[in-house]
Amino acid sequence: MVRESVMHGLNFRKLIGWLGLSLVLACPVSYGQDSTETAAPEGPEPTVEKGKLPNRLPYIDEMLEEAWKEAKLTPSANATDAEYMRRAYLDILGRIPNVEEAYAFLSNKEPNKRAKLIEVLLANPDYPKNFASIFTNILIGRRTQVQDVDRGALNSWLRQQFSSNRPWQEIAFDLLSAKGSSKENGAVNYLIANFADQRVNLTSSTTRVFLGQQIQCTQCHDHKYNDWKQQDFWGINAFFRGMRQRPLERVDATGALVRDGTEVYDDPTDEWARFERPNALIGIVPPTYLDGRRIDPGLDTDRRLELSKFITESRNLQFSRAFVNRMWGYFMGQGIVNPVDDFGDHNAATHPELLDQLAVDFIASGYDVKALVRWIAASRPYQLSSTMTRSNEQDEHLFSRYLLKPMSPEQLFDSLITATSAHKTAGEAPDKLRAQWLGQFVVAFANDEAGESASFQGTIPQALMMMNGELMTKAVGGQPGSFLSHVVDQARLQKKIQPIRYAVDQVYLAALGRYPDPKDLKASQAFLSSNPDTLQVVQDLFWALLNSNEFVLNH
Amino acid sequence: MQNRLIVPSGMSRRHFLGHLATTAMALPASQFFSALQAREAAGSQQKRCIVLWMGGGPSHMDTWDLKPESEKNGGEFRPIETSAPGVQICEHLPTIATQMKHLSVIRSLNSKEGNHDRGTYMMHTGYAPNPTIVHPSFGSACSYELGHKAGEDFPLPHAIAINSPGEGAGFLGMAHSPFFVSSPTADIANMKLPSGVDDLRMGRRLQMLGLVEDGFGRQKRGQAAADHKSVYLKTVKMMNSQYTQAFKLDDEPAAVRDAYGRNNFGQGCLMARRLVETGVTYVEVSLGGWDNHADIFATLQRGNLPQLDKAMGTLVGDLADRGLLENTLVVWMGEFGRTPRINQNGGRDHWPRSWSIVMGGAGIKGGQAVGATDKDGVDIQDRELGVMDVIATMAKAMDIDLNTQYTTPNGRPYKIVDGAKPISELI
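Following this line, the structure appears as structure tokens:
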């Protein structure tokens, strides 16, 4: 490996010889502008202070209300408790509430129960589980083909970070500068997943994920729609030039040498990045941050460490904006800049002042992820109904109603399991069954190609799986261990209401997080009276609820 | 979209789903073929496409562009004459040789991408991969552009991929992504009702579902609620349709099944014929195992060449006999060709620079060889063509307007055919 890098160095000097002075002029070298942590970010003054963080930021509501007024929009009504509960569970825990949780919240009479709910959810172990799963997908995709990636290790590393509410700044810094074994330091798997092709993927993924900026077009040419230059891409790429990976091995119990993960490390290098310009000339560039700042490209520099500093330093407002906007987009169904990772002049923010104020306050909070979740979840737009008013039907960008979000494959799967306990039906090992089904769901329902599309992108194989698949069959078959079998037992044991009414209430609560309304009850009654086999009718009703738009859409 | 699928007149929306379930299933299977014939008569001008996808990168030097004169690169196979005068192909493709009058070989394709994923993407879309956009595959574009011409009530997907999933629809949406049939001889996953659920019970379930869907839809929460219902309507329509009989090869005489070859590719080709016959627009059938870095001659002679020969030869003959070939484009391609040079392991490596594909049907002039490579198969000697030229030719054969342009969700223009013209010799 060292040998190889020396060879590159030689070639590089030879190249300089060929191309001569013009090349050097094209890239004037100016090192020594060290990044300084002390400089304050540009943008507005923060409104919060670390250690005294509020649970609500009133300016979110004020700024949006002003925009609604200007656009002459009447926002939707406030969401009902049931609606708010279901979306908060789905967004924060990645699943719908189970019947006990739903009952507890809906029957609670405290005035501030929504704020309390958010605290309960942020303390639930499903919160770090959910965010680890979301960020694993963001960092390495749902279906990475790279064999050396230890997805589980990355996922569990992320879970620890979200569980201890580690500042986003530190999480990002660790991901970018990570070294060591793919098994022991889960963070390196982000680098391994994007290692191929001279770190080209790593370059575009790093700016996209951490800065919300898509510079990948500039791999081959200057950007047509904004200011990014080909040199910007390769300037970032140069920071990864020394990064290497190698297989690790260990001796197993039988004395055989076996593969034991992958190590990420850095070789000292003084290479610059080389790239082919559209006119077929070769360009070269030393490690250069997007704002033009450079580092000493000498052998003593830890380049990735320097890049991690550039990206995560607190004067870098864009780093904070990118995360705040991603979270806003996740909770609200649409980013203030949308798509959430495509900032630039070609794609203006709908509420730039709001985004900047949130970004500044997120920095002032110490990049406190839970605080950001609280602020968004407590805001008025997050608490609006998804039912449109006559005046806001056309609104797609001002957050005057809650936008429908199709469940992700993970949310759908975990919600089905929560509602039905299908994996606990007799005779099967729950964990094994769960893992097997989750695999099927991710294959059937993941459509990375559509990105985070807000439209419903359902397919026939998905609908077939929901209607006739093994999970659904177990879910509504009433086998011992399932939720439905439990409900049937309880319906007989409880004495408060008619058993059948009890069962209907319970399946509505389990699937939709609400009680049946009078219309629902009337319809159920009609089905029940036309069929003598009431148990079958309850099964069929549960099937219908789980297959419905109301179930699969986060509303 | 959902408007197309909304309630037939004279029926309340409330009962639509339930109605579908209880009546459509009652249609006896024997009526299937008369229904088919009716469609055939009505839609005979409708263009269809079958792509035979050779996964791994097929060796053009050992199939369509043999170089027996080349001492270093020629390899072990000899060329034979075909039903197209002057067009010779590999001796292990004798059935196809009888059909070459219908087919033309393009021997001068330079597709530029030598990596499996990139080549696969390029050959399916005409574009190199680009992180800012997912280009729709040609099959998805066919489904989007032409599918509705088969009638609004046509119950099968208009892009179907057999044996491997094919390439997706990008921004055209999942509805146009190929419906994947993982094995032509197995049942379609989850198409059968679960045990304990008969038609009547399924009808009740669907009726209940219809009530919940409509109740939620009436609350005016957005398009996604209606889109969800539309996918279910399509699915139920497909489940209940006799057209799904096209997926069931048991109807075919044993002799026909034998002729196509009793393997996944052969049976897949037979299914493709049945599907285009019912009116499906695009079907892709995959045959893997072409990535022959070692021991290429024995491997091909033993496996892929006889399978390909029987299946493709029988398919083209069958389409011609049934009068389907006039409107059905057949294309043979993979992600790239293989090196003229034979490596030290007796294999050939990846080679996108000068290789061959084959097409015929749907008005493509058959019986020709377009372009040529030099005597060692290395450089293109005549008529260099790019992938976009191939896509343009396919689009032209399918009657897709060559100027078709879409705007991507992030506002950028996308053309199905970009800066290329159909290959004049073939049109």
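First to last, the protein sequences are chains F and U. So for the first sequence, the working numbering puts the first residue at 19; every next one is plus one. So for the second sequence, the working numbering puts the first residue at 236; every next one is plus one. Positions of the beta carbon are idealized from the N, C-alpha and C atoms, including for glycine.
### Task
Take Leu-456 of chain F and list the residues in its own chain whose beta-carbon comes closer than 7 Å to its own, dropping the five residues that flank it on each side.
The count along the first sequence starts at 1 and reaches residue 456 of chain F at position 438. So the list reads Phe-431, once near-sequence residues are dropped.
### Query
By Cβ distance below 8 Å, which residues in the same chain neighbour Gly-499 of chain F in space, the five residues on each side in sequence not counted?
Stepping through the first sequence from its first residue, residue 499 of chain F is reached at position 481. So the list reads Ser-439, Lys-442, Thr-443, Ala-444, once near-sequence residues are dropped.
### Message
Between which residues of its own chain and Thr-333 of chain U is the CB-CB distance below 6 Å, once the five residues before and five after are set aside?
### Response
What you label residue 333 of chain U is simply residue 98 of the second sequence in a count that begins at 1. So the list reads Ser-318, once near-sequence residues are dropped.
### Secondary structure, beta strand (DSSP E): runs of 3+ residues fully inside the segment 318-347 of chain U
338-344
### Message
Can you give me the C-alpha to C-alpha distance between Lys-197 of chain F and Glu-188 of chain F, rounded to a whole angstrom?
### Response
Within the first sequence, residue 197 of chain F is the residue found at index 179, counting from 1. Within the first sequence, residue 188 of chain F is the residue found at index 170, counting from 1. Cα-Cα distance, rounded: 15 Å.
### Message
Distance cutoff 9 Å, beta carbons only. Does Asn-567 of chain F sit that close to anything in chain U?
### Response
The sequence position of residue 567 of chain F within the first sequence is 549, counting from 1. Yes, its Cβ sits closer than 9 Å to a Cβ of chain U.
### Message
Which of the three DSSP states is assigned to Phe-545 of chain F in this structure?
### Response
Residue numbering aside, residue 545 of chain F sits at position 527 when the first sequence is read from its first letter. Helix, per DSSP.
### Task
State yes or no: is the beta carbon of Val-570 of chain F nearer than 9 Å to at least one beta carbon in chain U?
Counted from its first residue, the first sequence places residue 570 of chain F at position 552. With 9 Å as the cut-off, Val-570 of chain F counts as an interface residue toward chain U.
### Task
Check the Cβ of His-369 of chain F against every Cβ in chain U and list those closer than 7 Å, keeping chain order.
Residue numbering aside, residue 369 of chain F sits at position 351 when the first sequence is read from its first letter. Within 7 Å Cβ-Cβ: nothing; His-369 of chain F doesn't reach chain U, min ~19 Å.
### Buried or exposed by the 16-neighbour rule on C-beta atoms within 10 Å, applied to Gly-361 of chain U
Residue numbering aside, residue 361 of chain U sits at position 126 when the second sequence is read from its first letter. With 16 or more other Cβ atoms within 10 Å, it is buried.
### Query
Which residues does DSSP pair with Ser-521 of chain U in a beta bridge?
The residue given as residue 521 of chain U occupies position 286 in the second sequence. The bridge partners DSSP lists for Ser-521 of chain U are U:Trp-288.
### Exposure of Gly-170 of chain F, with buried meaning 16 or more beta-carbon neighbours within 10 Å
As a position in the first sequence, residue 170 of chain F is number 152, starting the count at 1. Label assigned to Gly-170 of chain F: exposed.
### For Tyr-641 of chain U, the three-state DSSP class (helix, strand or coil)
Indexing the second sequence from 1 puts residue 641 of chain U at position 406. Residue state, collapsed to three classes: strand.
### Message
I'd like to know if Tyr-467 of chain U contacts chain F, where contact means its C-beta is closer than 9 Å to some C-beta of that chain.
### Response
Residue mapping note: residue 467 of chain U aligns to position 232 of the second sequence, counting from 1. Yes, its Cβ sits closer than 9 Å to a Cβ of chain F.
### Query
Could you give the uninterrupted runs of the alpha helix (DSSP H) lying entirely in the segment 404-483 of chain U, keeping only those of 4 residues or more?
Counting only runs of 4 or more residues that sit fully inside the segment 404-483 of chain U, the alpha helix (DSSP H) segments are 434-452, 458-475, in chain order.
### Query
Where do the N-terminal and C-terminal ends of the beta strand (DSSP E) with Glu-275 of chain F fall, by residue?
On the first sequence, position 257 is the one that residue 275 of chain F refers to. According to the sequence shown, residue 275 of chain F is Leu rather than Glu. Start and end: 275-284.
### Query
Expressed to the nearest angstrom, what Euclidean distance is found between the alpha-carbon atoms of Ser-418 of chain F and Met-81 of chain F?
Here the question's residue 418 of chain F lines up with position 400 in the first sequence. Here the question's residue 81 of chain F lines up with position 63 in the first sequence. About 12 Å.
### Message
Starting from Thr-154 of chain F, trace the alpha helix (DSSP H) in both directions and tell me its first and last residue.
### Response
Numbered from its first residue, the first sequence carries residue 154 of chain F at position 136. For Thr-154 of chain F, the enclosing alpha helix (DSSP H) starts and ends at 144-158.
### Query
How many angstroms separate the CA atom of Tyr-649 of chain U from the CA atom of Thr-642 of chain U?
Taking the first residue of the second sequence as position 1, residue 649 of chain U is located at position 414. Taking the first residue of the second sequence as position 1, residue 642 of chain U is located at position 407. Taking the straight line from one Cα to the other gives about 6 Å.
### Message
Which of the three DSSP states is assigned to Tyr-649 of chain U in this structure?
### Response
Stepping through the second sequence from its first residue, residue 649 of chain U is reached at position 414. Correct three-state label for Tyr-649 of chain U: strand.
### Query
How would you write the range of the alpha helix (DSSP H) that Ile-626 of chain U sits in, first residue to last?
Stepping through the second sequence from its first residue, residue 626 of chain U is reached at position 391. 622-632 is the span of the alpha helix (DSSP H), which, as asked, contains Ile-626 of chain U.
### Query
Are the beta-carbon atoms belonging to Asn-203 of chain F and Ala-133 of chain F less than 9 Å from one another?
Position 185 of the first sequence, counted from the start, is the residue given in the question as residue 203 of chain F. Position 115 of the first sequence, counted from the start, is the residue given in the question as residue 133 of chain F. The Cβ atoms of Asn-203 of chain F and Ala-133 of chain F lie no closer than 9 Å to each other.
### Query
chain F partners of Phe-482 of chain U, CB-CB under 8 Å?
Counting from one through the second sequence, the residue named residue 482 of chain U turns up at place 247. Result: empty, since nearest Cβ-Cβ is about 13 Å, beyond 8 Å.
#### Entry: Start-to-end residues for the alpha helix (DSSP H) that takes in Thr-360 of chain U
Numbered from 1 along the second sequence, position 125 holds the residue referred to as residue 360 of chain U. Per DSSP, Thr-360 of chain U belongs to the alpha helix (DSSP H) from 351-360.
### Message
Taking 8 Å as the limit between beta carbons, can you name the residues of its chain near Asn-183 of chain F, skipping five residues before and five after?
### Response
In the first sequence, counting from the first residue as 1, residue 183 of chain F sits at position 165. Here the set comprises Asp-386, Val-387, Lys-388.
### Query
Whose C-alpha, out of U:Met-474, U:Met-473, U:Arg-456, U:Gly-452, is nearest the C-alpha of Lys-737 of chain U?
Only positions 236 to 662 of chain U appear in this structure, which leaves residue 737 of chain U out of reach.
### Query
With 16 other CB atoms within 10 Å as the buried threshold, where does Ile-423 of chain U fall?
Translated into positions along the second sequence, residue 423 of chain U becomes position 188. Buried.
### Message
Between Val-565 of chain U and Ser-343 of chain U, how many whole angstroms is the CB-CB distance? I'm expecting something under 8 Å.
### Response
By one-based count along the second sequence, residue 565 of chain U stands at place 330. By one-based count along the second sequence, residue 343 of chain U stands at place 108. Val-565 of chain U to Ser-343 of chain U, Cβ: 20 Å. No contact.
### Query
Closest Cβ-Cβ distance between Thr-642 of chain U and chain F: below 9 Å?
For the purposes of this step, residue 642 of chain U is identified with residue 407 of the second sequence, where counting begins at 1. Chain F contact via Cβ: absent.
### Task
With DSSP as the reference, please indicate the residues paired to Asn-572 of chain F in a beta bridge.
Taking the first residue of the first sequence as position 1, residue 572 of chain F is located at position 554. Answer is F:Lys-423.
### Task
Tell whether a beta-carbon distance below 9 Å holds between Pro-62 of chain F and Pro-399 of chain F.
The count along the first sequence starts at 1 and reaches residue 62 of chain F at position 44. The count along the first sequence starts at 1 and reaches residue 399 of chain F at position 381. No, the pair does not count as a contact, with Cβ atoms beyond the cut-off.
#### Entry: Rounded Cβ spacing between Ser-199 of chain F and Gly-279 of chain F (contact assumed at less than 8 Å)
Here residue 199 of chain F refers to the residue found at position 181 of the first sequence. Here residue 279 of chain F refers to the residue found at position 261 of the first sequence. Rounded to whole angstroms, the Cβ separation of Ser-199 of chain F and Gly-279 of chain F is 5 Å, and the two are in contact under 8 Å.
### Task
Answer with yes or no whether the minimum CB distance from Gly-495 of chain F to chain U is below 9 Å.
Counted from its first residue, the first sequence places residue 495 of chain F at position 477. Yes, its Cβ sits closer than 9 Å to a Cβ of chain U.
### Task
Under 7 Å Cβ to Cβ from Ile-615 of chain U, same chain only, skipping five residues before and after it: list those, please.
As a first step, residue 615 of chain U is located in the second sequence; it is residue number 380 there, counting from the start. Closer than 7 Å at the Cβ level, and outside the excluded window around Ile-615 of chain U, lie Ser-343, Asn-345, Ser-589, Gly-606, Thr-608.
### Query
Rounded C-beta distance between Ala-481 of chain U and Ile-285 of chain U? I'm assuming under 8 Å.
Within the second sequence, residue 481 of chain U is the residue found at index 246, counting from 1. Within the second sequence, residue 285 of chain U is the residue found at index 50, counting from 1. No, Ala-481 of chain U and Ile-285 of chain U are not in contact; Cβ-Cβ is about 13 Å, not under 8 Å.
### Beta carbon proximity, Asp-462 of chain U to chain F, threshold 9 Å
As a first step, residue 462 of chain U must be located in the second sequence, where it is residue number 227. Closer than 9 Å to some Cβ of chain F, the Cβ of Asp-462 of chain U qualifies, so yes.
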